[in-house]
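S.K.: According to this note's numbering, the stretch in the sequence shown is residues 695 to 1057, in order.
Where is the CB? At the ideal position from N, CA and C, for every residue including glycine.
Since the model is a prediction, treat every value here as computed from it, not as a measurement.
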Amino acid sequence: MGNRRSFLKKSGLFVAASSLPISVFSIPRKKQKLGVALVGLGYYSTDLLAPALQLTEHCELKGIVTGSPEKVPVWQRKYGIEDHNVYNYENMHTIADNDEIDVVYIVLPNKLHLPYTLIAANAGKHVWCEKPMATTVAECEQMITVCRKNKVQLTIGYRMQHEPVTQTVIGWRESKPYGTIKNIYAEAGFVNRANDPKHWKVNTELGGGAMFDMGVYPLNATRYVTGLEPIAVSATQENTRSHIFDADETTFFNLEFPNGITAECKTTFAQSINTLKVDCEKGWYALSPFQAYSGVRGEASDGRILQPFKGNEQATQMDDDALAILNNTEDKIVVPGMEGLKDIRVVEAIFASAADGGKRITL
Ligand code: NAD
């Protein structure tokens, strides 16, 4: 205070300034870091997002929303989360009164993305929501509408679009170093050893199954390397463990894009696969793996190698998304809600085709 007074005295502003309401001097400086609350403390929040938040420049892990009281002291100790920033699903809406939380990150089973996005948006918080955005186009539309109404940003956690090797090949849709794209092969899967048929990831009730979990990656990749939307879809599904998997264990889907571009895609919970190959008029390029947490590596028909990114994918994603909020540049969101919706529009057609014996469905 002494310093400010003497500065104001010297500058001749003392009388006028001291009669100003105190709030003029207490306008908070623009936040440098956003307070993030993770909703759902399962595998992805625990193993990937919380550690990655420690590496971000523009975010801080400030809050948690959980239905598991036993996790609270563990998270509080590990990340210094204060009591007033701990919520459960019943009182999560009161986060509206908490200025320390700017962003609510939904990391829940897929069918719960809609209801908890609505709670967060109606509380006036920006929403980051994990992929897949939701399980139907109608759910996605509702999420977009409610976020718009509350003037909060909505971003989907498709980390690959923030990853530099992926961004290089996305850039090739303009520079076309191998000519125009002809065919794409994209497949992503891992061996899901679930043995409980009630687990949400193998059950349709909460949006489980390989297509929602891993299939959105090859789908999203066909859309980001072409910059185009598919015009027709055909799909089939296979289930070798139907005593466990109520949802799809394996989905094959073929996409037709404008200009005769085709894509052959596969996703599965029965095999470890992870490749994106793009055949072009004058050569090819491939990323393998193309959606791993690290080590995404590219090679091309002319011997070009794209070396893996050394940074942290999730930290990069969250910093990009935080900057769009801090700078109020909604148009710079890398993966806005509409991008998540576009995938789900195709997923709906994939499920419809598979249910109809692989019938070609136009979009
Ligand atoms: P998970 O099952 O490990 O965690 C889900 C959490 O939700 C658990 O803590 C669980 O207690 C909680 N939950 C709350 N209500 C529930 C209910 N009614 N039924 C079941 N669980 C309930 O799942 P996860 O692997 O952490 O996946 C969460 C989300 O993150 C999914 O949308 C998934 O697609 C996404 N994810 C994204 C990536 C990525 O790379 N971007 C990776 C993994 C998962």
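What is the rounded straight-line gap between the Cα of glycine 1051 and the Cα of lysine 1036?
M.R.: Distance between the alpha carbons of glycine 1051 and lysine 1036 is about 23 Å.
S.K.: Going by Cα to Cα distance, which pick from Trp769, Thr945, Val821, Ala926 is closest to phenylalanine 884?
M.R.: Selected option, being the one with the closest Cα: Thr945.
S.K.: Does DSSP put lysine 960 in a helix, in a strand, or in coil?
M.R.: Residue state, collapsed to three classes: strand.
S.K.: Quick one: measure Cβ to Cβ for serine 988 and proline 1002, integer angstroms, because I've assumed they're closer than 8 Å.
M.R.: Rounded, the Cβ-Cβ distance is 7 Å, consistent with contact.
S.K.: Below 8 Å, how does it come out for the stretch 763-774 and the stretch 805-820: are there three or more Cβ pairs, yes or no?
M.R.: Judged by Cβ distances under 8 Å, the stretch 763-774 makes no contact with the stretch 805-820, as fewer than three pairs qualify.
S.K.: How many whole angstroms separate the CB atoms of lysine 805 and leucine 900, which I take to be in contact at a CB cut-off of 8 Å?
M.R.: So it is a contact: roughly 4 Å between Cβ atoms.
S.K.: Going by alpha carbons, who is nearest to leucine 913 out of Lys895, Lys960, Asp890, Lys876?
M.R.: With distances taken between Cα atoms, leucine 913 lies closest to Lys960.
S.K.: Check whether the Cβ atoms of glutamate 923 and arginine 935 sit closer than 7 Å, and answer yes or no.
M.R.: No, these two residues do not count as a Cβ contact at 7 Å.
S.K.: Cα separation between tyrosine 911 and glutamine 965?
M.R.: Each residue's Cα considered, the two are about 15 Å apart.
S.K.: For the ligand NAD, is there a heavy atom less than 6 Å away from the beta-carbon of tryptophan 894?
M.R.: Yes, the beta carbon of tryptophan 894 sits closer than 6 Å to at least one heavy atom of the ligand NAD.
S.K.: Apart from the five residues on each side of it in sequence, which residues of its chain come closer than 7 Å, Cβ to Cβ, to serine 700?
M.R.: Below a pLDDT of 50, predicted positions are generally treated as unreliable, and serine 700, at 39, falls in that range; the measurement from the model is reported next regardless. Closer than 7 Å at Cβ, skipping near neighbours: no residue.
S.K.: From this set, Glu1033, Thr969, Val797, Gly1031, which residue's C-alpha is nearest histidine 820's C-alpha?
M.R.: Per the Cα distances, Val797.
S.K.: What did DSSP end up calling valine 919 once you bin it into helix, strand or coil?
M.R.: It is helical.
S.K.: Enumerate, from N- to C-terminal direction, the unbroken beta strand (DSSP E) stretches of 3 or more residues contained entirely within the stretch 759-789.
M.R.: For the stretch 759-789, not a single whole beta strand (DSSP E) run of length 3 or above is found.
S.K.: How about glutamine 1011 and histidine 856: are their beta carbons less than 7 Å apart?
M.R.: Cβ atoms of glutamine 1011 and histidine 856: closer than 7 Å.
S.K.: Give the range of the beta strand (DSSP E) segment to which tryptophan 822 is assigned.
M.R.: Segment 820-823, the beta strand (DSSP E) holding tryptophan 822.
S.K.: Glutamine 991 to aspartate 791, Cα distance in whole Å?
M.R.: At residue 991 the sequence reads arginine, which differs from the glutamine that was named. Between arginine 991 and aspartate 791, the C-alpha separation is close to 44 Å.
S.K.: What does DSSP give as the partner residue(s) for leucine 970 in the beta ladder?
M.R.: DSSP lists Ala880, Leu981 as partners of leucine 970.
S.K.: Sorry if obvious, but does the Cβ on glycine 734 come closer than 6 Å to a heavy atom of the ligand NAD?
M.R.: True, at least one ligand heavy atom lies under 6 Å from that Cβ.
S.K.: Does any heavy atom of the ligand NAD sit closer than 6 Å to the C-beta of valine 801?
M.R.: Result yes, Cβ under 6 Å from the ligand NAD.
S.K.: Between aspartate 1014 and the rest of its own chain, which residues show a CB-CB distance below 6 Å, the 5 nearest in sequence each way excluded?
M.R.: Correct list, in chain order: His856, Val1028.
S.K.: By alpha-carbon positions, which one of Leu747, Leu742, Thr788 ends up nearest to valine 759?
M.R.: Here the closest residue by C-alpha is Thr788.
S.K.: Give the straight-line distance between the Cα atoms of glutamate 784 and histidine 778, rounded to the nearest whole angstrom.
M.R.: Those two C-alpha atoms are separated by around 15 Å.
S.K.: Are the Cβ atoms of lysine 979 and alanine 957 separated by less than 7 Å?
M.R.: According to the sequence displayed, residue 979 carries tyrosine and not lysine. Not closer than 7 Å, so no.
S.K.: Among Asn889, Gly909, Thr862, Tyr738, which has the Cα closest to the Cα of proline 882?
M.R.: Looking at the sequence itself, residue 882 is alanine, so the reference to proline does not match. Among Asn889, Gly909, Thr862, Tyr738, the Cα nearest to that of alanine 882 is on Gly909.
S.K.: My guess is that glycine 873 and lysine 976 are in contact by the Cβ rule of under 8 Å, so how many angstroms apart are they, rounded?
M.R.: Indeed, because the Cβ distance is near 4 Å, the residues count as touching under 8 Å.
S.K.: Quick one: what's got a C-beta closer than 8 Å to leucine 1057's C-beta in the same chain, skipping five residues either side?
M.R.: Here the set comprises Glu923, Pro924, Ile925, Ala926, Val927, Arg1039, Val1040, Ala1043.
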